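Colleague: The structure that follows is given in the form of structure tokens.
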Amino acid sequence: MQQPSRFQLQTACRALSNGGVVAYPTEAVWGLGCDPLHSTALQQLLTLKRRRADKGLILIAATIEQLSPFWHPDFTPTPEMLASWPGPHTWLVPKHPQLPPLLSGEHQTIAVRVSAHLGVIALCQAFGGAITSTSANRSGGSAAITERQCRHRFGNRIHYLSGPTGGAARPSTIRHALSGAWIRR
540 MQQPSRFQLQ TACRALSNGG VVAYPTEAVW GLGCDPLHST ALQQLLTLKR
590 RRADKGLILI AATIEQLSPF WHPDFTPTPE MLASWPGPHT WLVPKHPQLP
640 PLLSGEHQTI AVRVSAHLGV IALCQAFGGA ITSTSANRSG GSAAITERQC
690 RHRFGNRIHY LSGPTGGAAR PSTIRHALSG AWIRR
């Protein structure tokens, strides 16, 4: 799997820093991301997807250290979480009390994942932190699995980080870290 060029990463990071939305390939589908602490960017992302604000968003990162500022200070990652990362496994963890409401929606948890996709890793490392990750589609629609599909849906309203998906057949699993309950297998 190829990594994005330095120019692509710089362009994507500039867009993220300026409150823009970036489309990028993940393990299975194309995702849409923004700076999780930029309220205007979060609102733009929800508007593009026509997604309700109460649903919350997933955070994706290159390392666990990039995610830890977003969960509750008393939370410690479980051995199962640590064993599943990096990879296509999203965990619901207790959220930090200061998180923007648009990030966690109506939930007391935040969804987090450490990616194994080289493009995502490079993007999060270049940006210096976690970004949001939600499938590149309108709410309720099928996820884009190619850049072409993504461009057809969102045009020039967003930025693109080119590259292939990881080839996984399904989106990431989602599991509650404290209860162990499966949300999506």
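The sequence shown: position 39 = 578 (our numbering), numbered continuously.
Note that the Cβ used here is the ideal one computed from N, Cα and C, for glycine as well.
Only a predicted model underlies this, so the values are computations on that prediction, with no experimental measurement involved.
#1: Determine the extent of the alpha helix (DSSP H) in which Ser-530 is found, giving its start and end residues.
#2: Can you tell which of Leu-576, Gly-667, Gln-547, Arg-714 has the C-alpha that lies nearest to the C-alpha of Glu-604?
#3: Residue range of the alpha helix (DSSP H) that Ala-551 falls in?
#4: Within the chosen definition, does the region 570 to 588 reach the region 661 to 678 through at least 3 CB pairs nearer than 8 Å?
#5: What first and last residue would you give for the alpha helix (DSSP H) that runs through Gly-538?
#6: Excluding sequence positions up to five away, which residues of its chain have a Cβ less than 6 Å from the Cβ of Ala-601?
#7: Does the region 550 to 557 touch the region 624 to 643, meaning 3 or more C-beta pairs lie closer than 8 Å?
#8: Which residues bound the beta strand (DSSP E) around His-691?
#9: How is Ser-678 classed by DSSP in three states: helix, strand or coil?
#10: Could you please give me the residues that DSSP links to Gly-570 through a beta bridge?
#11: Where Asp-613 and His-715 are concerned, what is the direct C-alpha to C-alpha distance, given to the nearest angstrom?
#12: Determine, using beta carbons only, whether Arg-589 and His-628 come nearer to each other than 8 Å.
#13: Between His-656 and Pro-633, is the Cβ-Cβ spacing less than 8 Å?
#14: Can you give the Cα-Cα distance for Ser-578 and Pro-618, rounded to whole angstroms?
#15: So the beta strand (DSSP E) Thr-629 belongs to, where does it begin and stop?
#16: Using the Cβ count rule (16 or more neighbours within 10 Å means buried), how would you classify Gln-547?
Modeller: Short version:
#1: Examination of residue 530 is not possible in this model, given that the chain is present from 540 through 724 alone.
#2: Here the question's residue 604 lines up with position 65 in the sequence shown. Of Leu-576, Gly-667, Gln-547, Arg-714, the residue nearest in Cα terms is Gly-667.
#3: Taking the sequence shown and counting its residues from 1, one reaches residue 551 at position 12. Note, Ala-551: alpha helix (DSSP H), 545 to 556.
#4: yes
#5: Residue 538 cannot be examined here, being either before or after the span of the chain that is shown, 540 to 724.
#6: Within the sequence shown, residue 601 is the residue found at index 62, counting from 1. Once the five neighbours on either side are set aside, the close Cβ partners of Ala-601 are Ile-660, Cys-663, Gln-664.
#7: no
#8: For the purposes of this step, residue 691 is taken as the residue at position 152 of the sequence shown. Careful: His-691 lies outside any beta strand (DSSP E), inside the alpha helix (DSSP H) at 686 to 693.
#9: Counting from 1 along the sequence shown, the entry for residue 678 is found at position 139. If DSSP states are grouped into helix, strand and coil, Ser-678 belongs with coil.
#10: In the sequence shown, counting from the first residue as 1, residue 570 sits at position 31. Note: Gly-570 sits in a beta bridge opposite Tyr-563, Ser-674.
#11: As a first step, residue 613 is located in the sequence shown; it is residue number 74 there, counting from the start. As a first step, residue 715 is located in the sequence shown; it is residue number 176 there, counting from the start. The alpha-carbon atoms of Asp-613 and His-715 are separated by roughly 16 Å.
#12: Taking the first residue of the sequence shown as 1, we reach residue 589 at position 50. Taking the first residue of the sequence shown as 1, we reach residue 628 at position 89. No, the Cβ-Cβ distance between Arg-589 and His-628 is not below 8 Å.
#13: Residue numbering aside, residue 656 sits at position 117 when the sequence shown is read from its first letter. Residue numbering aside, residue 633 sits at position 94 when the sequence shown is read from its first letter. Not in contact: His-656 and Pro-633 (Cβ atoms no closer than 8 Å).
#14: Start at 1 with the first residue of the sequence shown, and residue 578 comes out as number 39. Start at 1 with the first residue of the sequence shown, and residue 618 comes out as number 79. Approximately 33 Å, taken between the alpha carbons.
#15: Locating residue 629 in the sequence shown gives position 90, where the first residue counts as 1. 628 to 633 is the span of the beta strand (DSSP E), which, as asked, contains Thr-629.
#16: One-based indexing of the sequence shown puts residue 547 at position 8. The residue in question, Gln-547, is buried, as its Cβ has 16 or more Cβ neighbours within 10 Å.
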